[in-house]
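Asker: With our numbering, letter number 65 in the sequence shown gets 112, and the count goes up by one each step, no holes.
Where is the CB? At the ideal position from N, CA and C, for every residue including glycine.
What follows is a structure written as structure tokens; I'll ask about it next.
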Amino acid sequence: VFVGLCSVSSCVKSYTCHCDFKYTGIPGLPDSTSNEYEIRDTKSSAKSKCEAQTGSFDNNGIHTDETCHLY
48 VFVGLCSVSS CVKSYTCHCD FKYTGIPGLP DSTSNEYEIR DTKSSAKSKC EAQTGSFDNN
108 GIHTDETCHL Y
């Protein structure tokens with residue numbers, strides 16, 4: 048059992064999710080910004096969590112396109 052737990056936990060690593068934001072809709076908004084945050088998980092799960100943040104959103108006349116990818 049111990050060997051099995053060690054082999055599973057060794058797959059968990061720290062990954063960086065990088066997201067780019069592009070804003071449109073209201074004058075004076077920044078062209079774009081970016082954000083990075085850490086995800087500690089298996090590579091496939093971290094990639095899924097990171098890329099799930101990708102999308103387009105509208106709020107009070109501001110349109111945001113968010114694109115995320117895993118490092």
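Bridge partners of C66, per DSSP?
Answerer: Its beta-bridge partners are N82 and C115.
Asker: Return the CA-CA distance between G108 and G72, expressed in angstroms with no decimal places.
Answerer: Cα to Cα, the separation comes out at about 6 angstroms.
Asker: Return yes when the Cβ of Q100 is within less than 8 angstroms of the Cβ of E113, no when it is not.
Answerer: In contact: E113 and Q100 (Cβ atoms closer than 8 angstroms).
Asker: Out of curiosity, what's the CA-to-CA distance linking K94 and T80?
Answerer: Near 21 angstroms, if we compare the C-alpha coordinates of T80 and K94.
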